[in-house]
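Following: one structure in structure tokens, then a few remarks.
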Amino acid sequence: MVQHVRRRVSAKFEIAAVIEKVQKLGAPPIIFHDVEGTAFPVISNIYASNDRLCEIIGAEPGDFCQRWHALMTSMDSAAPYLEAVSLPAPRTAVSLGDLPRIQWRAKDDGPYVTAGVFYAKDPETGIGNLSFCRASMRADGRLICCIDPPHDLARYQALAEARGEALEVAVLIGAAPEIFLAACASVPYEVDELRVAAAIAGKPIPMRLSASLALDIPDETECVIEGRILPGVREREGPFGEYMGYYGPINENGYVLDVTAVTMRDNAMFHGLLCGGAEDLCALDVAFATRTFSAISKRVKGVLDVTCNPMFFCSIVRIDKTYPTQPADVFQAVFDANPNYNFACIVVDRDVDIRDIGAVFKAFLTRGRVDRRVTIIDDARGWDDGDDPLYAGRLGIDATTTWGREENFDPVSTPWPDIRLEDYIDPEGGRIAKIFSETEGSGVEPFVASGE
């Protein structure tokens with residue numbers, strides 16, 4: 297259910313502070329209706345729960361990776377995946393300065409676009425790419441973008457720059473869910489990620505003409521920033537509060553996006569994402585857990601689900617255990633799948649909720665000897681591969697039931713149909729009502745009854 301903030305809030309830190317507080321209540325979507333300095337509402341926490349992501353792709357709770365893997369492996373490379381829109385949604389031209397200028401963290405280098413999906417095409421093949429990168433909003437109407445070299449977008453820019461050309465880019469803010477999730481996907485370079493979006497949606501993606509570029513743009517987008525990444529031009533940007541919960545270093549080589557147009561749909565909302573928060577971690581989970589699931593399922597049977605949320609750099613794997621050394625096989629497959637990000641791996645039985653870290657560690661502590669179920673691999677390297685790396689080594693934790701002792705760990709259960717708490721708890725004076733009332737001081741309304 298959506299929460300609404302109707303009191304006026306500052307885009308500098310206050311929005312981020314309220315989002316942090318709301319995420320502790322379960323990360324429901326939240327809309328800020330009155331933001332200083334802009335006429336546009338801000339929405340956040342759209343993708344902040346795994347159940348919501350499962351609903352988008354048609355998966356049962358706990359089966360996201362399996363459903364995602366099925367979608368990715370069943371894509372028809374010959375099927376149409378784009379369709380031209382004859383009557384695109386009405387749009388209004390605005391300036392970059394009209395948008396919410398949200399400063400998220402204390403040391404951030406000013407306001408940043410954090411939920412923008414960057415859409416560009418390979419200058420040589422025309423294959424489309426969807427990706428994320430942080431973008432500093434400058435007062436002169438430019439974006440300074442941090443594009444990591446391994447990303448396809450950086451490769452596109454390098455190809456264009458080698459030809460002395462600017463790279464045309466559309467930054468999609470408030471894109472359709474299938475576009476957002478496709479931007480999280482890890483797919484081969486030669487796969488157009490709009491095809492991935494079409495596979496998620498189950499239909500072709502509606503496209504419209506750009507306002508200022510030779511680029512078709514997904515029509516179902518709240519806000520579009522159009523522009524060109526200039527060749528041979530770099531500017532400093534940062535620091536910025538990143539997903540690990542620390543400030544990323546100053547980037548001396550930020551790419552300069554010269555904005556050529558900004559358009560908004562009628563009654564548009566601006567999507568803002570708190571980096572390191574629940575919504576960010578869910579997006580990263582899509583990116584990395586699905587990649588790990590696909591890789592290890594080819595090597596180990598019985599893999600049911602994978603997550604790297606809430607502990608990024610740690611993949612938690614749920615399996616149907618059929619032989620005693622299966623967890624060790626999973627460890628090695630996980631570490632090989634993505635050595636830059638899989639620093640640790642925890643393997644649990646099929647009955648354990650991998651997104652409940654308490655349940656995961658309870659399984660480790662209660663289902664066998666802790667001194668015999670930990671594997672440490674010394675000096676294994678990842679992305680931090682310097683002479684004195686801060687991040688090295690690997691940790692494997694077997695939290696499955698000790699082989700041959702399954703009868704000692706029969707989980708308890710309560711034989712009663714599904715409980716609806718509203719049938720039991722007085723909404724006027726119960727504990728749930730008290731929890732929701734605690735948000736009133738920050739202008740956050742209780743959950744709406746209409747189920748928006």
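Just so we're aligned, residue 297 is where the sequence shown starts under the working numbering, counting upward by one. From the three backbone atoms N, C-alpha and C, an ideal C-beta is built for every residue, glycine too.
For residue j and residue i, believed in contact at Cβ under 8 angstroms, the rounded distance
i: ALA698; j: GLY664; result: In the sequence as presented, Ala is not what sits at residue 698; that position holds Thr. At roughly 4 angstroms, the Cβ-Cβ gap stays under 8 angstroms, so THR698 and GLY664 are in contact.
i: LEU468; j: ASP418; result: The Cβ separation is near 18 angstroms, so there is no contact.
i: LEU426; j: GLU489; result: 4 angstroms
i: PHE631; j: ARG690; result: 5 angstroms
i: ASP515; j: PRO386; result: With a Cβ gap of about 11 angstroms, ASP515 and PRO386 do not count as contacting.
i: THR559; j: THR388; result: 7 angstroms
i: ASP749; j: PHE536; result: No answer is possible for residue 749: the residues shown for the chain start at 297 and end at 748.
i: LEU569; j: ALA411; result: 4 angstroms
i: PRO502; j: VAL381; result: 5 angstroms
Where residue i falls: helix, strand or coil (DSSP)
i: HIS365; result: helix
i: TYR408; result: strand
i: SER593; result: helix
i: ALA323; result: coil
i: ALA745; result: Confidence at ALA745 is low in this model, with a pLDDT of 38, below 50, so its placement is unreliable and no value can be given for it.
i: ASP347; result: helix
i: ILE728; result: Confidence is the limiting factor: at ILE728 the pLDDT is only 47, short of 50, which leaves the residue's position unreliable, though a coordinate-based value still follows. Note: ILE728 maps to helix in three-state DSSP.
i: CYS248; result: The structure shown has nothing for residue 248, since the chain only spans 297 to 748.
i: TYR452; result: helix
i: PRO527; result: strand
i: VAL331; result: strand
i: VAL666; result: helix
i: VAL314; result: helix
i: ALA583; result: helix
i: THR698; result: coil
i: ALA458; result: helix
i: ILE286; result: Any property of residue 286 remains undetermined from this structure, which presents the chain solely from 297 to 748.
i: ILE352; result: helix
i: PHE360; result: helix
i: ASP714; result: coil
i: ASP719; result: helix
i: GLU486; result: coil
i: ASN636; result: coil
Residue i vs residue j beta-carbon contact at 8 angstroms
i: PRO545; j: GLY534; result: yes
i: ASN346; j: ILE315; result: no
i: ILE513; j: ALA466; result: yes
i: ILE443; j: CYS429; result: yes
i: ARG561; j: LEU600; result: no
i: THR517; j: GLY573; result: no
i: VAL338; j: PHE566; result: yes
i: ARG397; j: LEU553; result: no
i: VAL670; j: CYS641; result: no
i: GLU413; j: ILE327; result: Here residue 413 is Val; the residue named in the question, Glu, does not match the sequence. Cβ distance not < 8 angstroms, so VAL413 and ILE327 don't count as in contact.
i: ASP694; j: PRO623; result: yes
i: GLY406; j: MET433; result: yes
i: VAL305; j: ILE311; result: yes
i: SER482; j: THR586; result: yes
i: ALA416; j: LEU392; result: no
i: PHE589; j: CYS361; result: yes
i: TYR539; j: CYS578; result: no
i: ARG363; j: ALA355; result: yes
i: ALA629; j: VAL596; result: yes
i: ALA493; j: GLU464; result: no
i: GLU575; j: ALA344; result: yes
i: ILE521; j: LEU367; result: no
Host beta strand (DSSP E) of residue i (start-end)
i: LEU439; result: 438 to 441
i: PRO473; result: PRO473 -> not in any beta strand (DSSP E); alpha helix (DSSP H) instead, spanning 473 to 480.
i: LEU383; result: Run containing LEU383: none; DSSP gives neither H nor E here.
i: LEU553; result: 547 to 561
i: VAL298; result: Unbroken run through VAL298: none, as it is neither H nor E.
i: VAL626; result: VAL626 -> not in any beta strand (DSSP E); alpha helix (DSSP H) instead, spanning 622 to 633.
i: SER340; result: 338 to 340
Identified DSSP bridge partners for residue i
i: MET433; result: LEU439
i: THR603; result: ILE612
i: LYS308; result: GLN399
i: ASP512; result: LEU505
i: ILE673; result: ARG690
i: ILE642; result: ILE612, ILE693
i: PHE536; result: GLY544
i: VAL413; result: PHE428, LEU468
i: CYS578; result: The partner list for CYS578 (beta bridge, DSSP) is empty, contrary to what the question assumes.
i: PHE566; result: VAL338
i: THR517; result: ALA471
i: GLU522; result: ALA466, ALA557
i: VAL648; result: None; VAL648 has no bridge partner.
i: VAL390; result: VAL558
The alpha helix (DSSP H) enclosing residue i, as first and last residue numbers
i: ILE653; result: 653 to 662
i: VAL492; result: 489 to 497
Residue i CB to nearest heavy atom of the ligand FAD below 7 angstroms
i: ASP674; result: As presented, the structure is devoid of all ligands, the ligand FAD included, so that no description of it is given.
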